[in-house]
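Participant: Starting off with a structure, shown below.
There are 2 protein chains.
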Amino acid sequence: MDSRQRYQILLNTINQYNTGDIGITRVAYTNEEQACTQEFMRMCKAAGLESRIDECGNVIARREGRIKGLPPVIMGSHLDTVYQAGKYDGVVGVTAALEVIKRLNEKGIETDHPIEIISFACEESARFGISTLGSKAMTGSFDKEKVRYLKDRNGVTLEEALSLCAFDIDSVENADRKGENIKAFLELHVEQGPVLENEHKKIGIVTGIAAPVRFSIKIIGTPAHSGTTPMNMRNDALLGASEIVLELEKAALNEQNYGTVATVGVLDIQSGAMNVVPGEVEVKVDIRGTSLESRQRVLDHLNRTIESVGRNRNLEIISEEIISEEPVLLSNEIIESIQTICNEQDISYKLMPSGAGHDAMNMVKLCPTGMIFVPSFHGLSHHPDEYTDLDDILLGIDILEKVIIHYSKKDSILHGNK
Amino acid sequence: MDSRQRYQILLNTINQYNTGDIGITRVAYTNEEQACTQEFMRMCKAAGLESRIDECGNVIARREGRIKGLPPVIMGSHLDTVYQAGKYDGVVGVTAALEVIKRLNEKGIETDHPIEIISFACEESARFGISTLGSKAMTGSFDKEKVRYLKDRNGVTLEEALSLCAFDIDSVENADRKGENIKAFLELHVEQGPVLENEHKKIGIVTGIAAPVRFSIKIIGTPAHSGTTPMNMRNDALLGASEIVLELEKAALNEQNYGTVATVGVLDIQSGAMNVVPGEVEVKVDIRGTSLESRQRVLDHLNRTIESVGRNRNLEIISEEIISEEPVLLSNEIIESIQTICNEQDISYKLMPSGAGHDAMNMVKLCPTGMIFVPSFHGLSHHPDEYTDLDDILLGIDILEKVIIHYSKKDSILHGNK
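Protein chains in written order, with my numbering: chain A, 305 to 722; chain Y, 305 to 722.
This is the structure in structure tokens:
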């Protein structure tokens, strides 16, 4: 059986674990997802790996190296999904890692460093509204009191869900591996965006992860009768909101070279009705970029817009930060290694930020970290129609294999994260 | 007791009929509203009027004229309210009409023509989503099959509600007075807008009623991940919607001299979420004006905008008309009579359209019709804080009294509606 056939079976086997009618639903800490995790551990065992589950539900499968005492080189991603997901997303990264091991086994390659595969627990925020729980726990940033009572759509708390899977929320922090020496972490993932497809590139080499800064902006005018209020006597909150929405686009378009993006995904008119001039509107803004300077220029433009729209339209505008995460830069040395490999193989690639969050953004706290993207059909993500061509995945696995082989040599050098 | 005291008591008595905690709630065809109607009939009787209730629940109270066989001059408005209404709105017009009769009685004035007061049933759309039911019935435009099963918020149909008040929906059309000869109809109403207050005018002389044309506009783009989709690869439906909202304002501002107004009061993002580029947005547009040509220019601009936004942003935009009512022009002769009276009394006035619908807009089918507005504090309407100064109402009653006296003379001439 060739790698292609073998990998296809691997992917199909994982995706048999599915509780949904439409697409794939394999949500964190459910019976189905735990059964899938067990299946994956059996697969790892069949490939000669020792595996264990840590206190947070992360699976850690290990292939020992030739030289005792060297730190591991790690690959991984996650097996959990959103509701009505596709077949790719994190699954690709986990199954790719196992396929790399199978290839090494097949070729009889022993490595100096041990190699690990991690299947991270609860990467998706779909169930509890919080993402990358497993990698947070592993990197010492799991705050149990902040998450204990988070509830899923059925009212089950995270604490209860963990307990039903035989995990104890008060022990989760023991999954922390910050004290350990780890050589590198690599994550293969589908792009979840349209860039590689549009630019006809096969591989995305991720330079950083563009964590969001988010705002709620309340625009307060005066509700009025749509028929009896002349145009020049209105304080229409929606008109102010519309100007803000369009100016935000303009600001982000100016920062395209930096990959910064800005989105208004939520706009609510309070007591909206056809015959009422909107008196209050809330918009929610999401701005992302790996360059803090670029993100700040968008923010500055947003704030100037808020000021001028408020003044010109006589609206009160209140902007409140919901979240502000620091963008994460990935290891330049790993980026260069992947670039070298792509160049040697004459494979088209693009250096690009990741606009979505990944376990890799936590793993930078433990070790030099890299990410490889493979193309997503039409950029569809978290959707039943999400699709990545098998050949594109296999090309991603080729690159991942070569990077892992490179860094699992004793004399390959990694200085740090920057 | 002077007119001021007498009128204040009249207004207060009506507003004692109220089922709400906040503001006034006296919704059509409820026990409270029917009790109020009975109270009003007792008041009419005390003022020497004969009154009856027609098949739709309209109260018609009549003061006979000196000369037999002359058509009546009619005044009126409505006693029903929206939920959590104020104390003014239609109540002012009905009570003002009764106060005019009391003044005539007090002064011993007999008129050539008979005078009628009508308290129209179910003017507000608050309960069944359809407005001016009573005046529709009286003017032959009540379509029983279209409204029979309209439901209120408790699931009670209009048919059932009528029946509980001892009215039979199959008899309502008998309230039609189209065959009758009627000399004129006059309605005094609060402005429900800020124009008189802002322009320091005491009386609004209504030139026409700006019925709305309404559209639902669906803007269809592509939902996408807010982090992973570069700005230049988006088809953001909200950005298209925002351009439409702002262009609509521009178009209406250009038509300010015609009093045309345009409003987007509803904007819904389908599956709106902070991390999703909006894939589909629906906006609802309300355009009103008494000039059909002006309204059409706004519509033309809207349609050109839809076309260009669709093309430039690669969005599919589907516009669907929800309702299109013809604006109604009121009697020029009555407008001129009111103007003359205001000029003689040195009372400030403004010729203005009504942006809201009124029973008067149906009554134009029966006879020459006029409307008098008195100022609304801050333009507040359908709101517990709705307010009109008592002195302003009394000034309106003065004008109404003079108009009624004028037209109830046999030799006062009215040629028709235009």
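All C-beta atoms in this analysis are idealised placements derived from N, C-alpha and C, irrespective of residue type, glycine included.
Take Ser-435/A as the anchor and find which of Ala-400/A, Gly-394/A, Ile-523/A and Leu-571/A has the nearest alpha-carbon.
Facilitator: Per the Cα distances, Gly-394/A.
Participant: Is Leu-500/Y buried or exposed, if buried means 16 or more other CB atoms sit within 10 Å of its CB?
Facilitator: Buried, since its Cβ has 16 or more Cβ neighbours within 10 Å.
Participant: If the cut-off is 7 Å on Cβ atoms, which residues from the segment 589 to 623 of chain A count as contacting chain Y, listed in chain order?
Facilitator: Within the segment 589 to 623 of chain A, the residues whose Cβ lies closer than 7 Å to some Cβ of chain Y are Asp-590 and Arg-592, listed in chain order.
Participant: Spell out whether any CB of chain C is found under 9 Å from the CB atom of Ala-528/A.
Facilitator: No chain C appears in this structure, whose protein chains are A and Y.
Participant: Buried or exposed, going by whether 16 or more other CB atoms sit within 10 Å of the CB of Glu-690/A?
Facilitator: The residue is buried, with at least 16 neighbouring Cβ atoms inside 10 Å.
Participant: Could you check what DSSP says for Asn-536/A in three-state terms: helix, strand or coil?
Facilitator: Helix at Asn-536/A.
Participant: Rounded C-beta distance between Gly-380/A and Gly-397/A? I'm assuming under 8 Å.
Facilitator: Right, the Cβ-Cβ distance comes to about 7 Å (below 8 Å), so this counts as a contact.
Participant: Within its chain, find whatever has a CB closer than 8 Å to the CB of Leu-684/A; leave out the 5 residues flanking it on each side and keep chain order.
Facilitator: For Leu-684/A, where only same-chain residues beyond five positions count, the Cβ hits under 8 Å are Gly-390, Glu-690 and Tyr-691.
Participant: Please determine, among Thr-532/Y, Asn-579/Y and Arg-518/Y, the residue with the shortest C-alpha to C-alpha distance to Leu-552/Y.
Facilitator: Checking every option, the nearest Cα to that of Leu-552/Y belongs to Arg-518/Y.
Participant: Just curious, the alpha helix (DSSP H) that Val-395/Y is in, first and last residue?
Facilitator: Residues 393 to 411.
Participant: May I ask you to report which of helix, strand or coil DSSP gives Glu-625/A?
Facilitator: Strand, per DSSP.
Participant: Tell me, please, which residues DSSP counts as bridged to Tyr-653/A.
Facilitator: DSSP lists Ile-507/A as partners of Tyr-653/A.
Participant: Determine the chain Y residues that contact Arg-518/A at a beta-carbon separation under 8 Å, and present them in chain order.
Facilitator: Per Cβ cutoff of 8 Å: Met-578.
Participant: Please identify the residue among Asn-335/A, Cys-426/A and Asp-325/A whose C-alpha is closest to the C-alpha of Val-363/A.
Facilitator: Of Asn-335/A, Cys-426/A and Asp-325/A, the residue nearest in Cα terms is Cys-426/A.
Participant: Taking C-beta pairs closer than 8 Å, name the residues in chain Y that Leu-633/A reaches, listed in chain order.
Facilitator: In chain order: nothing, as chain Y lies at least about 16 Å away.
Participant: Taking 9 Å as the CB-CB limit, is Val-570/Y close to chain A?
Facilitator: Closer than 9 Å to some Cβ of chain A, the Cβ of Val-570/Y qualifies, so yes.
Participant: DSSP three-state call for Asp-416/A: helix, strand or coil?
Facilitator: Correct three-state label for Asp-416/A: coil.
Participant: Could you have a look at Lys-722/A and say whether DSSP puts it in helix, strand or coil?
Facilitator: Model confidence at Lys-722/A stands at a pLDDT of 37, short of 50, so the residue's coordinates are unreliable; what they give is reported in the following sentence. Lys-722/A falls in the coil class under three-state DSSP.
Participant: Tell me, please, whether the CB atom of Asp-456/A is closer than 9 Å to any CB atom in chain Y?
Facilitator: Not closer than 9 Å to any Cβ of chain Y, the Cβ of Asp-456/A fails to qualify, so no.
Participant: Please list the partners that Pro-582/A has in chain Y, where partner means a Cβ-to-Cβ separation under 7 Å.
Facilitator: Under the 7 Å cutoff, chain Y gives Gly-569.
Participant: Return helix, strand or coil for Val-549/A, following the three-state DSSP convention.
Facilitator: The answer is helix: DSSP assigns Val-549/A an H, G or I state.
Participant: Going by CA-CA distance only, name the one from Val-570/Y, Thr-399/Y, Glu-337/Y and Arg-330/Y that's closest to Ile-313/Y.
Facilitator: It is Thr-399/Y whose Cα lies nearest to the Cα of Ile-313/Y.
Participant: Kindly indicate which three-state DSSP category Thr-461/A falls into: helix, strand or coil?
Facilitator: Strand, per DSSP.
Participant: Report the neighbours of Val-331/A on chain Y: residues whose CB is nearer than 7 Å to its CB, in chain order.
Facilitator: In chain order: nothing, as chain Y lies at least about 17 Å away.
Participant: Taking the runs of the alpha helix (DSSP H) that are 4 residues or longer, which of them lie wholly in the segment 421 to 489 of chain Y?
Facilitator: Here the runs fully enclosed are 437 to 442, 448 to 451 and 462 to 468.
Participant: Which chain Y residues sit within Cβ distance under 7 Å of Pro-688/A?
Facilitator: Ordered by position in chain Y, no residue passes the 7 Å Cβ test against Pro-688/A, which lies about 13 Å from the chain.
Participant: Using a Cβ-Cβ cut-off of less than 7 Å, list which residues of the segment 529 to 541 of chain A approach chain Y; keep chain order.
Facilitator: Within the segment 529 to 541 of chain A, the qualifying residues are His-529, Ser-530, Gly-531, Thr-532, Thr-533, Pro-534, Met-535, Asn-536 and Met-537.
Participant: Could you tell me how far apart the beta carbons of Val-570/Y and Lys-588/Y are, in whole angstroms, since I believe they sit closer than 8 Å?
Facilitator: With a Cβ gap of about 4 Å, Val-570/Y and Lys-588/Y count as contacting.
Participant: What's the C-alpha gap between Glu-428/Y and Ile-573/Y?
Facilitator: So the alpha carbons of these two residues sit roughly 30 Å apart.
Participant: Could one say the Cβ of Glu-553/Y lies closer than 9 Å to chain A's Cβ atoms, at least one of them?
Facilitator: With 9 Å as the cut-off, Glu-553/Y counts as an interface residue toward chain A.
Participant: Using 8 Å as the Cβ pair cut-off and three pairs as the minimum, do the segment 374 to 388 of chain A and the segment 333 to 344 of chain A touch?
Facilitator: Yes, they touch.
Participant: Nearest by alpha-carbon distance to Gln-309/A: which of Tyr-453/A, Ile-419/A and Arg-407/A is it?
Facilitator: If we check each option's Cα against that of Gln-309/A, Arg-407/A comes out closest.
Participant: Leu-437/A versus chain Y: which residues are under 9 Å apart at the beta carbon?
Facilitator: The contacting residues do not exist; Leu-437/A stays about 18 Å from chain Y at best.
Participant: Closest by CA to Ile-548/Y, which one among Asn-607/Y, Pro-498/Y, Asn-502/Y and Leu-374/Y?
Facilitator: Nearest C-alpha to Ile-548/Y: Asn-607/Y.
Participant: Kindly identify the DSSP beta-bridge partner or partners of Pro-516/A.
Facilitator: Beta-bridge pairing links Pro-516/A to Arg-592/A.
Participant: For Glu-420/A, which residues of its own chain have a beta-carbon under 8 Å away from its beta-carbon, when the five flanking residues on both sides are left out?
Facilitator: Closer than 8 Å at Cβ, skipping near neighbours: Ile-364, Ala-365, Arg-366, Arg-367, Pro-376, Val-377, Ile-378, Met-379 and Gly-380.
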